[in-house]
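Right, one structure below, let's go through it.
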Amino acid sequence: MNAALVGVTLLIIGDSHVAFEGSLLSVLPEAYEQMGAKVITYGDCSSTPKAWIKGPTDNGCGGSVREGTAPITDPYETKFPFPDINTLINKWHPTAVIVVYGDTLGAYNAETLPAEWVEREMTPLTTAISSKTQCIWVGPTWGTFNPRYGKTEQKTQRISDFLSTHVKPCTYIDSTLLMKSNAVKTVDGLHLTPQSYKVWGAGIVDKTLPLLEKK
Numbered sequence: 019m020n021a022a023l024v025g026v027t028l029l030i031i032g033d034s035h036v037a038f039e040g041s042l043l044s045v046l047p048e049a050y051e052q053m054g055a056k057v058i059t060y061g062d063c064s065s066t067p068k069a070w071i072k073g074p075t076d077n078g079c080g081g082s083v084r085e086g087t088a089p090i091t092d093p094y095e096t097k098f099p100f101p102d103i104n105t106l107i108n109k110w111h112p113t114a115v116i117v118v119y120g121d122t123l124g125a126y127n128a129e130t131l132p133a134e135w136v137e138r139e140m141t142p143l144t145t146a147i148s149s150k151t152q153c154i155w156v157g158p159t160w161g162t163f164n165p166r167y168g169k170t171e172q173k174t175q176r177i178s179d180f181l182s183t184h185v186k187p188c189t190y191i192d193s194t195l196l197m198k199s200n201a202v203k204t205v206d207g208l209h210l211t212p213q214s215y216k217v218w219g220a221g222i223v224d225k226t227l228p229l230l231e232k233k
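Given below as structure tokens:
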């Protein structure tokens, strides 16, 4: 075991990218815990960041709560509502909160980004977290076009660029720099294959490790 993160507690929250088996939910806890960290992960499919101010409710899309590397349970049997972010921080006392959001803010089917709406979604969460602990925001990676989602390279870059300048005081992890767009494989244009999630997750760990060591 690499002991780089012994004594570190990580709270990971996000959308479907941390809600299902084979997603980052299967990658990040294992990687961080192998370095000695304690990890708690909450994923709520199709949610947006502001949901964590009051606590996400059941939207029918499923979700997961995973403490450490415990077995991943059926996302459609997960009990809602989840606790709000302040309750989670007070319960787990995380060294850092890692926020995984981008696709549900991307408005990929819109011609222009609804910037004011995105800010209203983000700012309450960045403020709540950063007032209590370190905040790391992981933005979206690439996908492939599917009319259902409307995700394109240009629109992925659009939301990533916006997040990069608006998530402060959180530290932004630009996922578009972690993998080449043609290397990302998806199952539906938005959600990645398990192998691509592994590569994305490894990149996230690599970029966050310097932020978490010796905290």
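The numbers in the sequence shown follow the numbering used here, run straight up by one, and end at 233.
Every residue gets a Cβ at the ideal spot worked out from N, C-alpha and C, and that includes glycine.
As the structure is a prediction and not an experimental result, all values here were calculated from the model.
Here's a check: name, in chain order, each residue in its chain whose Cβ is nearer than 8 Å to the Cβ of P187, leaving out the five neighbours to either side. Along the sequence shown, one-based indexing puts residue 187 at 169. Excluding positions up to five away in sequence, the list reads T144, S148 and C153.
Length at least 3, wholly inside the region 78 to 115: the beta strand (DSSP E) runs in chain order: For the region 78 to 115, the continuous beta strand (DSSP E) assignments of 3+ residues that do not extend past its boundaries occur at 81 to 85, in sequence order.
Quick check: what's the CA-CA separation for L42 versus S82? Within the sequence shown, residue 42 is the residue found at index 24, counting from 1. Within the sequence shown, residue 82 is the residue found at index 64, counting from 1. Rounded to the nearest angstrom, the two C-alpha atoms are 12 Å apart.
The alpha helix (DSSP H) that contains L28, what's its start and end? Within the sequence shown, the letter at position 10 stands for residue 28. In this chain, L28 is not harboured by any alpha helix (DSSP H); it is covered by the beta strand (DSSP E) spanning T27 to G32.
Sub-8 Å separation of I90 and S44 beta-carbons: Taking the sequence shown and counting its residues from 1, one reaches residue 90 at position 72. Taking the sequence shown and counting its residues from 1, one reaches residue 44 at position 26. Yes, they are a contact pair.
Candidates T113, L131 and G25, of which the one nearest S178 by Cα: Translated into the one-based positions of the sequence shown, residue 178 becomes position 160. Of all alpha-carbon atoms in T113, L131 and G25, the one lying nearest the alpha-carbon of S178 is that of L131.
Roughly how many angstroms separate the alpha carbons of S194 and N77, rounded to a whole number? Counted from its first residue, the sequence shown places residue 194 at position 176. Counted from its first residue, the sequence shown places residue 77 at position 59. The amino acid at residue 194 is misidentified as Ser; the sequence shows Thr. Going by the C-alpha atoms only, they are around 28 Å apart.
Quick check for students: name the residue ranges of the beta strand (DSSP E) that lie wholly in the region 124 to 180, counting only runs of 3 or more. 152 to 156, all fully within the region 124 to 180.
Decide if the region 97 to 111 is in contact with the region 154 to 173; the criterion is three or more beta carbon pairs, one per stretch, under 8 Å apart. The answer is no - the region 154 to 173 does not touch the region 97 to 111, with fewer than three Cβ pairs under 8 Å.
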